[in-house]
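2 protein chains.
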Amino acid sequence: MPLPETESPGFLQSKLMERGIRLTRQRRAILSIMETAKQHLDASQILRKARKIDAEIDRVTVYRTLGLLKRQGLIDELDLMHVQGERHFYERRTGRDHLHMTCLRCGKVIEFESHLLEKLKTTVSTECSFSVVIARLEIGGYCQNCRT
Amino acid sequence: MPLPETESPGFLQSKLMERGIRLTRQRRAILSIMETAKQHLDASQILRKARKIDAEIDRVTVYRTLGLLKRQGLIDELDLMHVQGERHFYERRTGRDHLHMTCLRCGKVIEFESHLLEKLKTTVSTECSFSVVIARLEIGGYCQNCRT
DNA sequence: AACGAAATTGAAATTCATTTTCAATATGGT
DNA sequence: ACCATATTGAAAATGAATTTCAATTTCGTT
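Protein chains in written order, with the numbering used here: chain G, 1 to 148; chain S, 1001 to 1148.
So this is what it looks like as structure tokens:
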């Protein structure tokens, strides 16, 4: 389950700074995890990785920082069809919209970018007088390997 | 938040029967709720309504029956952008795919049907060799009334 | 209509992710 | 360095959903 190409060291940090949000030791660790993540991570995975950078980080701080980044529109939250329980997964926001396919058997996540998704968003905005903030298209099914 | 037009009294019941699944007093109550629901309901709302039909229904039975219907592909589970906590919402399956827009301020749910959604599903299937079982497109934003 | 294997149920306990609380500590502008 | 304010950690609380297991119910067979 690869994440979008672009890694951006320091990007989240500078975004928060320019918005006047305090940077702490703990936040810096979590931000760097999110910036370099190659997978969709859940809170406990982020905690584990963050503790390798800074052993003194609590679970709640991870949740609070993820909440902050979500509110700031810097990361997106995914459910990935709840294939592995009710946990949430996170990915940094790239300008480009994409959908997530999750294999119901092996849990593999495939990302896919399509202009149809953009088109759907604009259609919805105009036809339903609804101003779109986030669109999440999640698909469950079977990947090439897992089709029987 | 209106649900698709078609009400189908006895539809779920007969589907389960023809698949050799036992009907119980409790299941009948829950099925009739799901068949006639005009809103997206969560487990506790379904429990409350089911108890009006049959006072002796437990919470677990609701969860178990919803699980059964989900596995049988007779209902769909929605998150509705988690605007009201982490609970899940349920709707009976209609043949027609549609997306859900949830207002982040007032919680209103708008449904929208589009051939783009179908097209997106087939594109994904062919281009990614992924066999689609369920597609869930959920949109968060602001409805006409709540745009500031 | 009764029998009985197999499925279903309820009640309590449990799980698991996430949130709240609040006192102690750290941040960054002055 | 000061200090108002924001952030943190630890523990407790929440809340949805699941597991467990003995008691009950269903429905095909007799």
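By construction, the Cβ of each residue, glycine as well, lies at the ideal position given by its N, Cα and C atoms.
How long is the line joining the alpha carbons of C1143/S and S1044/S, rounded to whole angstroms? Locating residue 1143/S in the second sequence gives position 143, counting from the first residue. Locating residue 1044/S in the second sequence gives position 44, counting from the first residue. Here the C-alpha atom of C1143/S lies approximately 26 Å from the C-alpha atom of S1044/S.
Residues of chain S with a CB under 8 Å from the CB of K119/G: which are they? Counting from 1 along the first sequence, the entry for residue 119/G is found at position 119. Within 8 Å of the CB of K119/G, the CB atoms of chain S belong to L1116, in sequence order along the chain.
Proximity to F1130/S [Cα-Cα], best of V133/G, I139/G, T126/G and T123/G: Counting from 1 along the second sequence, the entry for residue 1130/S is found at position 130. For the residues V133/G, I139/G, T126/G and T123/G, the minimum Cα distance to F1130/S belongs to I139/G.
Helix, strand or coil for R1093/S per DSSP? On the second sequence, residue 1093/S is found 93 positions in, with the first residue counted as 1. R1093/S: coil per DSSP, three-state reduction.
Out of curiosity, what's the CA-to-CA distance linking R136/G and E1056/S? By one-based count along the first sequence, residue 136/G stands at place 136. By one-based count along the second sequence, residue 1056/S stands at place 56. Cα-Cα distance, rounded: 38 Å.
According to a CB-to-CB cut-off of less than 9 Å, which residues of the segment 1086–1098 of chain S neighbour chain G? So the list reads E1086 and H1088, given in the order they occur along the chain.
Looking at L116/G and L1120/S, is the spacing between their C-beta atoms short of 7 Å? Here residue 1120/S refers to the residue found at position 120 when the second sequence is read from its first residue. Here residue 116/G refers to the residue found at position 116 when the first sequence is read from its first residue. With respect to the 7 Å criterion, L1120/S and L116/G are classified as neighbours on the basis of their beta carbons.
Please report the Cβ distance between L173/G and Q13/G, rounded to the nearest whole angstrom; I am assuming they are in contact, meaning their Cβ atoms lie under 8 Å. Because chain G is modelled from 1 through 148, residue 173/G falls outside the range shown and cannot be assessed.
Please state whether DSSP places T1158/S in a helix, a strand or coil. Only positions 1001 to 1148 of chain S appear in this structure, which leaves residue 1158/S out of reach.
Against chain G, does S1183/S count as a neighbour if the rule is that its beta carbon must be under 7 Å from one of theirs? Residue 1183/S is absent from the model: chain S starts at 1001 and stops at 1148.
Counting only Cβ-Cβ distances shorter than 7 Å, please list the residues of the segment 1119–1138 of chain S near chain G, keeping chain order. For the segment 1119–1138 of chain S, which is checked against every Cβ of chain G, the residues closer than 7 Å are K1119, L1120, T1123, V1124, C1128, S1129, F1130, S1131, V1132, V1133, I1134, A1135, R1136, L1137 and E1138.
Taking all protein chains shown into account, decide if D1054/S is buried (16 or more other Cβ within 10 angstroms of its Cβ) or exposed. Counting from 1 along the second sequence, the entry for residue 1054/S is found at position 54. With fewer than 16 other Cβ atoms from the protein chains shown falling within 10 Å of its own Cβ, D1054/S counts as exposed.
List the residues of chain S whose Cβ lies closer than 8 Å to the Cβ of L104/G, in chain order. Counting from 1 along the first sequence, the entry for residue 104/G is found at position 104. Here the neighbours are V1133.
Identify the contact partners of I1110/S in chain G, using a Cβ-Cβ distance below 8 Å as the criterion. To locate residue 1110/S, count along the second sequence from 1; it is residue 110. The contact set of I1110/S on chain G, defined by CB atoms closer than 8 Å, consists of C128 and F130 in chain order.
Would you grab the beta carbon distance between I110/G and R92/G for me? Rounded to a whole angstrom, and I think it's under 8 Å. As a working note, residue 110/G is residue 110 in the first sequence. As a working note, residue 92/G is residue 92 in the first sequence. Not quite, the Cβ-Cβ distance comes to about 18 Å (not below 8 Å), so this is no contact.
Whose CA, out of M1034/S, C1103/S, C1146/S and P1009/S, lies closest to the CA of G1067/S? In the second sequence, residue 1067/S corresponds to position 67, counting from 1. Comparing Cα positions, the closest option is M1034/S.
For L80/G, count neighbouring Cβ atoms within 10 angstroms of its own Cβ and tell me buried if that reaches 16, exposed if not. In the first sequence, the residue the question calls residue 80/G occupies position 80. L80/G is buried by the Cβ-count criterion.
Per-residue burial, R1019/S [other beta carbons within 10 Å of its own, 16 or more giving buried]: Here residue 1019/S refers to the residue found at position 19 when the second sequence is read from its first residue. Under this definition R1019/S is an exposed residue.
Evaluate T1102/S with the Cβ neighbour count: other Cβ atoms within 10 Å of its Cβ, from every protein chain shown; 16 or more gives buried, anything less gives exposed. Here residue 1102/S refers to the residue found at position 102 when the second sequence is read from its first residue. Around the beta carbon of T1102/S, 16 or more other beta carbons sit within 10 angstroms, so the residue counts as buried.
Pairwise C-alpha distance: S1125/S and L104/G: Walking along the first sequence from the start, residue 104/G turns up at place 104. Walking along the second sequence from the start, residue 1125/S turns up at place 125. C-alpha of L104/G to C-alpha of S1125/S: approximately 15 Å in a straight line.
If you draw a straight line from the alpha carbon of T65/G to that of L47/G, how long is it in whole angstroms? Counting from 1 along the first sequence, the entry for residue 65/G is found at position 65. Counting from 1 along the first sequence, the entry for residue 47/G is found at position 47. Their backbone Cα atoms lie some 11 Å apart in a straight line.
Along the segment 72–85 of chain G, where does the CB come closer than 9 Å to a CB of chain S? Name the residues. Of all residues in the segment 72–85 of chain G, E77, D79, M81 and H82 have a Cβ within less than 9 Å of some Cβ in chain S.
Relative to the alpha-carbon of K1108/S, which residue among A1029/S, Q1039/S, M1017/S and F1011/S has its alpha-carbon at the smallest distance? Indexing the second sequence from 1 puts residue 1108/S at position 108. Measuring from the Cα of K1108/S, the nearest candidate turns out to be Q1039/S.
Just reading off the alpha helix (DSSP H) that F1011/S is part of, what are its end residues? One-based indexing of the second sequence puts residue 1011/S at position 11. Where F1011/S is concerned, the enclosing alpha helix (DSSP H) stretches over F1011 to E1018.
For the candidate residues E86/G, A37/G and C146/G, whose alpha-carbon lies nearest to that of T94/G? Here the question's residue 94/G lines up with position 94 in the first sequence. Comparing Cα positions, the closest option is A37/G.
CA-CA distance, Q26/G and T61/G? Within the first sequence, numbered from 1, the residue matching residue 26/G stands at position 26. Within the first sequence, numbered from 1, the residue matching residue 61/G stands at position 61. Q26/G and T61/G have their C-alpha atoms roughly 8 Å apart.
On the DSSP letters alone, give me the boundaries of the alpha helix (DSSP H) that S44/G sits inside. In the first sequence, counting from the first residue as 1, residue 44/G sits at position 44. Start and end: A43 to I53.
Top-ranked residue by Cα proximity to E1113/S, from C106/G, C128/G and V132/G: The residue labelled residue 1113/S in the question sits at position 113 within the second sequence. Of C106/G, C128/G and V132/G, the smallest CA-CA separation from E1113/S is found for C128/G.
So which residues on chain G does Y1142/S lean against when the C-beta distance must stay under 8 Å? If you number the second sequence from 1, residue 1142/S lands on position 142. F130, S131 and V133, listed in chain order.
Distance, Cα to Cα, E77/G vs P1009/S? Against the first sequence, residue 77/G aligns to sequence position 77. Against the second sequence, residue 1009/S aligns to sequence position 9. E77/G and P1009/S have their C-alpha atoms spaced approximately 38 Å apart.
Which first and last residues belong to the alpha helix (DSSP H) in which G1067/S is found? For the purposes of this step, residue 1067/S is identified with residue 67 of the second sequence, where counting begins at 1. Where G1067/S is concerned, the enclosing alpha helix (DSSP H) stretches over R1059 to R1071.
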